[in-house]
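In what follows, a single structure is set out as structure tokens and then discussed.
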Amino acid sequence: MAKKGKLKVGVFSFTCCEGCQFTILFLDDLMELFNKANFVYFDLINEKNRNETFDLAFVEGAITSKREIRKLKAIRRKSKFLVAIGACACHGGIPSMQNFLERDQLGKYVYNQEMLEDSVKAAGIGEYIKVDYYMYGCPIIKKEFIEFFDSFIKGKIQKEFEGPVCDQCPLRGEKCLLKKKLPCLGAVTRGGCYAPCPQENIPCYLCRGPRAKADIPAEVALFKKWGLSEQEIYNKLEHFKNIEVKEKVCKYVPKYEQIKKRKKKKK
Amino acid sequence: MGKVIKLNHITKIEGHARLDVKIENGVIKKCDLNIFEGNRFFEGIMQCEKFNELPPIGARICGVCSVVHLLTSTKAVENALNLKVSRQTELLRELIHLGGIIQSHVLHLYFLALPDYYGFDSAIKMASKHKDKISRALRMKKLGNLIVNIVGGRDVHPLTVVIGGISKFPTEDEMCSLKSELKKARKDFVQTVELFNSLKHPDFEFCVDYYALTDKKRYDLYDGKIHGLVHKEDDKECTSLCTIPTQDYEKHMNEFFQEKSTAEFAVMRGKTYMVGALPRICLNYEKLPKNIRKYIKFKLPSYNPFHNLNAQAIESLWCIDRCIEIIDKLGKIKKQKPKTYTVSAKKGIGASEAPRGILFHNYTLDKQGYCKKANITTPTSQNLRCMQESVRAFLPTILDKDKEEIKLDVEKLIRAYDPCISCSTHFLEMNWE
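Protein chains in written order, with the numbering used here: chain Y, 1 to 267; chain S, 268 to 700.
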């Protein structure tokens, strides 16, 4: 039953934990959300999903196979405005950690050979299609999602947050985790998340990816001064990273290549 | 005349799965459950990670059971470090665990399973005619989230669980308000049990072995030894009980690859088996408090997989009572620092009951604390074989129906198991033969 006048929205999922879809489902005012627009494609909760055109498409998950590339391109063709949600769709997230494994080793961890042959290097969706908006985080932040959605309905596109995580962090100043020598990466990470991790005494771990103006060498130097080993710093930076970190971050860890070699040897 | 049924994309389950069925002259020629979730190689990427980074990565195996993955992974690491956490930490973690179970059960019961029974395409469409039920579901979902939020810091991928303890403690006010919310919500959970008890399930039995974690004294989802309800020659009358220490699970469980299907299968002691809410209720019935037991309206042990829904509803109600009990036991929460530990080369195993059944995390650390080998066995990968075989057994009973009806019935059966495909496809190391 297509309701006239309402936006047609699709929610799509590729390789990931589906935590971002669940973040949407865990919204407190879920029914209000469903009243505001017509969710014509949401296969997690809909039996029949119509494959038509979408005014707004949310895509979660990383792209790991040729099959997924084909599906993604079809979604792009049908969507007027496409939003990448979550670390996996934005920059590869956890699934793209596999890019650091040796290709010939992968068969060891997989039982579906047909899919292995079809697989490609894991990447965010921006690698293959034009993305109109990036909503970062692992998982996405409810407040950010609602703010974006509500302003989209009114015809406005929310501006992406420019500052680091620290800008919204209530611990900023005396209570800063860095003062307790906890390796918090808030200063180099894209903000907009309202800093949920530092608030729970968990150092920021770069799930939203490094921001454009991030001073990573300074951060690495600081952790080194505290006595963290290069492998530890590398591990810290690597998690949600991958494609981005490989290019932007890891060059700041001088022995990165050596560490990688050791990693290969271990297997 | 042959019938080919292709459920190209089974909806309303977590992840991406497909079922191929071929029937010729009333004989089932093919019944394959295929998984087409993308590869993530979890066990591969976990190698060479430091022990304290393993739980946050492990949690990302699945968005809906992230809570349980995080806790089980933490338990496995602590087991490897020979670390015993304080009683308070254990209780707080159990509270998050139960919150996670409520989140998942409620979502599955109302949003994925119930619309089938009322002939609706989705819970959203159901909302116009059954507003009371959907608003109840939303209240229950909110409560599950609240528990995980208050203790865990976030409802998907909680934050506060760290090696050796908890990083931030809930305040007294928060615990007080949580307790009153729990008491208020109990009514909703009772109504849910009654609602699911009133549903008419297909009359179908599929007799397999049941396994669940069992505590000596009480009904428990957080920890325990593996108990099994085992049948001789698939005769449902001829049963015996067996106990397997959690640390020995690998000796009894085999995971293998079947050529005709792309999915990986697990067998316990050489046989297909089921894990989940129904096996838990069947095995631990006597440990359930009386005021919960009275809601079980089906004969135990039941081998009707559809009763898994009833079992989930009953379990959610139990979770509420247990949460209140935990809050009372906790009393005033002390701010404890996480326990300290020394790293040594050791293997660690963690097991707990995820919403869908027993979950194992198994890590081998080297002497610097880096993960040398990771092995994760999820409930859905244990249930896959059971799911496929039960569909095969179910089909002959519904063959006279038309294709659309058969499709729907089969989907209903698969959904009853509450499969979580994201979970089962982290890919285990397999043996080539």
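Note that the Cβ used here is the ideal one computed from N, Cα and C, for glycine as well. All values reported here derive from a predicted model rather than from experimental measurement.
Using C-beta distances below 6 Å, list every residue in its chain close to residue i, excluding the 5 sequence neighbours before and after it, in chain order.
i	result
Y:Lys6	Ala37 and Asn38
S:Tyr562	Val460 and Ile581
Y:Glu68	Phe14
S:Lys296	Lys289
Y:Cys90	Ala84, Gly124, Tyr134 and Tyr136
Y:Ile141	Cys193
S:Asp482	Gly491
S:Thr356	Gly432 and Ile433
Per DSSP, residue i forms a beta bridge with which residues?
i	result
Y:Ile63	Y:Ala123
Y:Ala89	For Y:Ala89, which the question treats as bridged, DSSP gives no partner whatsoever.
S:Thr438	According to DSSP, S:Thr438 bridges with nothing at all.
Y:Tyr128	Per DSSP, none; premise fails for Y:Tyr128.
S:Asp383	According to DSSP, S:Asp383 bridges with nothing at all.
S:Met541	S:Tyr477
S:Gly617	S:His628
S:Cys298	S:Val288
Y:Pro95	Partner(s): none; Y:Pro95 has no beta bridge.
S:Asp232	Here chain S comprises residues numbered 268 to 700, so residue 232 of chain S is not present and cannot be evaluated.
In chain order, what residues of the same chain lie with their CB nearer than 7 Å to the CB of residue i, ignoring the 5 residues before and after it?
i	result
S:Glu448	Leu410 and Leu413
Y:Leu228	Pro183
S:Trp585	Tyr486, Leu555 and Ile559
Which of the three DSSP states, helix, strand or coil, is assigned to residue i?
i	result
Y:Asp55	strand
S:Ile533	The sequence shown places Ala at residue 533 of chain S, not Ile. Three-state DSSP puts S:Ala533 in a strand.
S:His693	Confidence at S:His693 is low in this model, with a pLDDT of 36, below 50, so the placement of that residue should be treated as unreliable; the coordinate-derived value is given next. Looking at S:His693 - three-state DSSP - the assignment turns out to be coil, as it is neither helix nor strand.
S:Tyr516	helix
S:Asn319	helix
Y:Phe39	strand
Y:Phe14	coil
S:Thr664	helix
S:Gly366	helix
Y:Tyr136	coil
S:Thr374	Looking at the sequence shown, residue 374 of chain S is not Thr but Leu. It is helical.
S:Lys492	strand
S:Cys715	An answer regarding residue 715 of chain S cannot be provided, because it is not within the stretch 268 to 700 covered by chain S.
S:His468	coil
S:Cys638	strand
Y:Leu44	coil
S:Gly432	strand
Y:Lys179	helix
Y:Ile202	coil
Y:Lys80	strand
S:His574	helix
Y:Ile243	Confidence is the limiting factor: at Y:Ile243 the pLDDT is only 48, short of 50, which leaves the residue's position unreliable, though a coordinate-based value still follows. Three-state result, Y:Ile243: helix.
S:Asn521	strand
S:Ile507	The question names Ile, but residue 507 of chain S in the sequence shown is Ser. Three-state DSSP puts S:Ser507 in a strand.
S:Ser340	helix
For residue i, collect the residues of the same chain with a Cβ closer than 8 Å to its Cβ; drop the 5 residues on either side in sequence, then sort them by chain order.
i	result
S:Ser353	Gly432, Gln603 and Lys606
Below 8 Å on C-beta distance, what does residue i contact in chain Y?
i	result
S:Cys653	Ordered by position in chain Y, no residue passes the 8 Å Cβ test against S:Cys653, which lies about 17 Å from the chain.
Could you work out which residues of chain Y lie near residue i, taking near to mean beta carbons separated by less than 9 Å?
i	result
S:Asn412	Phe26 and Asp28
S:Leu405	Asp28, Asp29, Leu30 and Met31
S:His397	Simply none; closest approach about 12 Å.
S:Gly598	Within 9 Å Cβ-Cβ: nothing; S:Gly598 doesn't reach chain Y, min ~22 Å.
S:Thr427	Glu200, Asn201 and Ile202
S:Phe378	Leu25, Leu44 and Ile45
S:Ser434	Glu200, Asn201 and Ile202
Does chain A have any CB closer than 8 Å to the CB of residue i?
i	result
S:Glu461	The structure shown contains no chain A; its protein chains are Y and S.
Residues of chain S with a CB under 7 Å from the CB of residue i: which are they?
i	result
Y:Met97	Ile312
Y:Phe34	Ile391
Y:Cys166	Ordered by position in chain S, no residue passes the 7 Å Cβ test against Y:Cys166, which lies about 17 Å from the chain.
What does residue i touch in chain S if you count any residue whose Cβ is under 8 Å from its own?
i	result
Y:Glu174	Chain S residues near Y:Glu174: none, gap ~17 Å exceeds 8 Å.
Y:Gln21	Gly330
Y:Ile94	Arg307, Ile312, Ile324 and Arg327
Y:Cys138	Arg327 and His424
Closer than 9 Å by beta-carbon distance: list the chain S residues that pair up with residue i, in chain order.
i	result
Y:Leu101	Phe308, Gly311, Ile312 and Gln314
Y:Glu232	Lys317
Y:Phe51	For the record, residue 51 of chain Y in the displayed sequence is Asn; it is not Phe. Those do not exist, as Y:Asn51 stays about 11 Å from chain S at its closest Cβ, beyond 9 Å.
Y:Phe39	Ser389 and Ile391
Could you tell me whether any non-hydrogen atom of the ligand PLP is closer than 7 Å to the CB of residue i?
i	result
S:Ile511	Judged by which ligands are present, the structure shown has none, so any question about the ligand PLP falls away.
Exercise for the section: Count the CB pairs spanning the region 289-301 of chain S and the region 655-662 of chain S that are closer than 8 Å, and state whether there are at least three. Expected result: yes
Exercise for the section: Would you check if the region 416-433 of chain S and the region 623-632 of chain S touch, i.e. whether three or more CB-CB distances between them fall below 8 Å? Expected result: no
Practice task
Mind the definition here: the region 317-328 of chain S touches the region 548-567 of chain S only if three or more C-beta pairs lie below 8 Å; say whether that holds.
Solution key: no
Practice task
Check whether the region 309-319 of chain S touches the region 633-648 of chain S, counting contact only when three or more Cβ pairs, one atom from each stretch, lie closer than 8 Å.
Solution key: yes
Practice task
Could you say if the region 669-678 of chain S and the region 358-369 of chain S meet the contact criterion of at least three C-beta pairs nearer than 8 Å?
Solution key: no
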